Amino acid sequence: MKVPPPPSGPVPFAPEVSRAFVADMLRIRRLEEKCAQLYGEGKIRGFLHLYIGEEAVAAGAMRVLAPEDNVIATYREHGQALLRGVKMGAIMAEMYGKREGCSGGRGGSMHLFDAAARFYGGNAIVGGGLPLAVGMALAAKLEGERRVTACFFGEGAVAEGAFHESLNLAQLWRLPVVFFCENNLYAMGTALERSESQTDLCVKAAAFGMATVKADGMDVVAVHEAARGACERVRAGEGPVFVEFQTYRFRAHSMFDPELYRDKSEIEQWKTRGPIHTFTARLKAQGQLTEEQFLELDRAAVAEVEAAVVFAEAGTWEPVEELTRHLTAP
Amino acid sequence: MTITYREALRQGLREALASDPRVFLMGEDVGKYGGTYAVSKGLLEEFGPERVRDTPLSELGFVGAGVGAALGGMRPIVEVMTVNFSLLALDQIVNNAALLRHMSGGQLAVPLVIRMSTGAGRQLAAQHSHSLEGWYAHIPGIKVVAPATVEDARGMLGAALEEPDPVIVFEYPALFEMKGEAPQAKVDIAAARVRRSGSKVTLITYGACLPKALKAAEEVDGEVIDLRVLRPLDMAPVLESVKKTRRAVVVDENWRSGSLAAEVMARIMEQGFYDLDAPVARVCSEEVPVPYARHLEEAALPQPEKIVAAVKGLFA
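Structure follows, in structure tokens:
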């Protein structure tokens, strides 16, 4: 696939909004860089899937959601969880497996939950979250509530039956759900053109009669505008919307991935489209951000990560006697 | 007043829909068609299409939507036409419904009821006749119930809807024409029950095998225990009975290998070994896909004669 030119052009946000987007993306980036380091140190185990490179999607999309909305994501969900309001310390403690983690140490990196934030995981079955999102949207509709359910998933899920069944149900019943498809071009190591007969994902969604939007997932401006338009439509009761964000993951699929399936040069080309540096360059060009302001945001993110590590380190292990707790209601 | 098992199921559904606005029924042909087995006939007219919701043939999608709706505060009843079709929805049942509470550290709850018809005996052949209760009973995080009487057919649903966690209700087409009394809108879904007293042997069973075990018991002076709840198992009445009869035969329509019967036998061995005068025996389905031809189907399933023979074997 030919790599498009880096995102460019004027940023239509107020300066403080622009800087908030920078802060959001930096918080994810710094958190995950630390996670990778801690994985190397053996502090974090299991599977760890990093979002690095895709931050503009979570950042641009999450700010259109209201507190009463529902969010469902995948096993690559650190960014969504963080920007949805799950405390960074609770996320880090979860990765440590500590009781103070946002899932009490039961879930780990792939299963972050926070009921108070209406963040429903953290689903590690590809496509597994889509039927849930349909059901949550059905509940909202039956209860007469205006909440939107936002469902994040990768393009790999598009090959699953759950995708097709869920989109059909959502459109058939005109449910208030927005499908945020993060197309990072690889389902683990399988390139889109090696797994799909139709590589235009919007065409698939449109086959259900669903409204679709395609946006540059490396450009937080494009993401935000596409997500806002989609959510406004859903909130207005016009039925579900499918949004495809074209993005790219800079790191390996997980910490066990030697990346035999793609060229280093491709990754380097995509890095020229990096969501943080291209956005900050645009902001600097139009006088919305100084280098000092950027460094200040970065220092704040780093400090938050350090505090999260301290919190996780100080966390406690759930007593083994509680192993079967929460299997069913007490 | 006597009603059929089918009518009892319908009555249970009607009562559930009438008593709680959060309850809705969803599944293939539950509405306009009236239910594959006519269980939900008339409910669409009574409660409307929002609450008696026909779905496309998307078991994975609509069972998962049931999980999501339960997370979202509703009390969905999802009907899967037959247990064989539930295999298409297994991911949502096993990987979401059963796990979410524990995996989220107790933050989430899935108060979902899944009803599915199960078992053989109607010449529906291999893809509509299987008995997979033991598979579902293997999974921590869900409750599994098997109404084998008209009373339970009516009352188990209301009780299942009061559970804060997922419940699977197995319904038995082989019993749909059976008549009986169903005086209570709700019954307990915790305890096994003695359905017939006897002194020579304990016959432990559930579901469509209950009438067969009762018939066999007449001939061998058997005490018949209906497990009713397949997860978690209530072993106390079983062990108490074995203490008295000193012999046990488990009757289970599952295939023999890895059957629910195997679990029940193991528990009797673990907890009642010294009360036994003979090894525990079982009568299960033959290890073949259930065939269409009537005589072959009958040969594949537990039958009263096989149960009697198994009991006699314990005294040989």
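Just so you know, the sequences run in chain order A and B.
Position in the first sequence counted from 1, then plus 723, gives you the working numbering.
Position in the second sequence counted from 1, then plus 29, gives you the working numbering.
Ideal placement from N, C-alpha and C gives every residue a C-beta, glycine not left out.
All figures in this text were calculated on a predicted structure; none of them were measured in a lab.
Contact check, residue i vs residue j, beta carbons under 9 Å
i, j, result
"Arg996/A", "Val726/A", "yes"
"Ser918/A", "Gly879/A", "yes"
"Glu200/B", "Ile218/B", "no"
"Met941/A", "Ala779/A", "yes"
"Leu89/B", "Ala928/A", "no"
"Tyr66/B", "Gly209/B", "no"
"Phe310/B", "Ala277/B", "Here residue 310/B turns out to be Ala, not Phe, going by the sequence shown. Yes, they are a contact pair."
"Leu1050/A", "His167/B", "no"
"Glu905/A", "Thr970/A", "yes"
"Pro202/B", "Gly148/B", "yes"
"Val258/B", "Ile297/B", "no"
"His801/A", "His976/A", "no"
"Gly102/B", "Ala862/A", "yes"
"Lys821/A", "Gly828/A", "yes"
"Tyr909/A", "Tyr984/A", "yes"
"Asp255/B", "Val230/B", "no"
"Val223/B", "Glu247/B", "no"
"Val198/B", "Met185/B", "yes"
Close Cβ partners of residue i (< 6 Å) along its chain, the five nearest in sequence each way excluded
i, result
"Met859/A", "Asn793, Thr872"
"Gly287/B", "none"
"Ser115/B", "Val109, Met145"
"Ala118/B", "Glu88, Leu89, Val92"
"Lys937/A", "Cys925, Glu967"
"Asp281/B", "Ser288, Leu289, Ala290, Cys313"
"Thr234/B", "Ala242, Val280"
"Asp837/A", "Val809, Cys825"
Sequence-distant residues of its chain with Cβ nearer than 7 Å to residue i (five each side left out)
i, result
"His159/B", "Val112, Asn113, Val319"
"Pro78/B", "Gly60"
"Val81/B", "Leu54, Val59, Gly60, Ser69, Leu72, Leu73"
Contact with chain A by residue i, beta-carbon distance below 9 Å
i, result
"Glu79/B", "yes"
"Asn125/B", "yes"
"Ala48/B", "The question names Ala, but residue 48/B is Ser in the sequence shown. By this cut-off, Ser48/B is not an interface position."
"His131/B", "yes"
"Gln40/B", "no"
"Ser87/B", "yes"
"Phe76/B", "no"
"Thr31/B", "no"
"Gln152/B", "no"
"Val96/B", "yes"
"Asp58/B", "no"
"Asp194/B", "yes"
"Asp120/B", "yes"
Below-9 Å beta-carbon distance, residue i vs any chain B residue
i, result
"Asn846/A", "yes"
"Gly932/A", "no"
"Pro951/A", "Residue identity differs from the one stated: residue 951/A is Arg in this sequence, not Pro. With 9 Å as the cut-off, Arg951/A does not count as an interface residue toward chain B."
"Thr872/A", "yes"
"Phe836/A", "yes"
"Cys825/A", "yes"
"Leu771/A", "no"
"Tyr819/A", "no"
"Met859/A", "yes"
"Asn793/A", "yes"
"His1049/A", "yes"
"Leu855/A", "yes"
"Ser832/A", "no"
"Arg786/A", "no"
"Ala862/A", "yes"
"Tyr798/A", "no"
Helix, strand or coil at residue i according to DSSP, with G and I counted as helix
i, result
"Gly187/B", "helix"
"Asp939/A", "strand"
"Tyr909/A", "strand"
"Thr1039/A", "coil"
"Pro727/A", "coil"
"Gln152/B", "coil"
"Gln1065/A", "Beyond the ends of chain A as shown, which are 724 and 1053, falls residue 1065/A; an answer cannot be given."
"Met132/B", "helix"
"Val1028/A", "helix"
"Arg1048/A", "coil"
Proximal residues to residue i (C-beta, below 8 Å), its chain only, five neighbours per side dropped
i, result
"Ala1030/A", "Met811, Gly812"
"Tyr762/A", "Arg768, Leu771, Met978"
Start-end ranges of the beta strand (DSSP E) lying completely within the segment 823-854 of chain A, minimum 3 residues = The beta strand (DSSP E) runs of length 3 or more contained entirely in the segment 823-854 of chain A are, from start to end of the chain, 842-846.
For the segment 31-94 of chain B, list the alpha helix (DSSP H) runs that are entirely contained and at least 4 residues long, ordered along the chain.
-> Along the length of the segment 31-94 of chain B, whole alpha helix (DSSP H) runs at least 4 residues long occupy 34-48, 72-76, reported in chain order.
Within the segment 229-308 of chain B, ranges of the alpha helix (DSSP H) (whole runs, at least 4 residues) | 239-249, 265-274, 289-301, all fully within the segment 229-308 of chain B.
Uninterrupted alpha helix (DSSP H) stretches inside the segment 980-1009 of chain A (no shorter than 4 residues) = The segment 980-1009 of chain A contains these whole alpha helix (DSSP H) runs: 987-994, 998-1008.
Hey, which unbroken runs of the beta strand (DSSP E) at 3 residues or more fall wholly within the segment 746-828 of chain A?
-> Qualifying beta strand (DSSP E) stretches, in chain order: 793-797.
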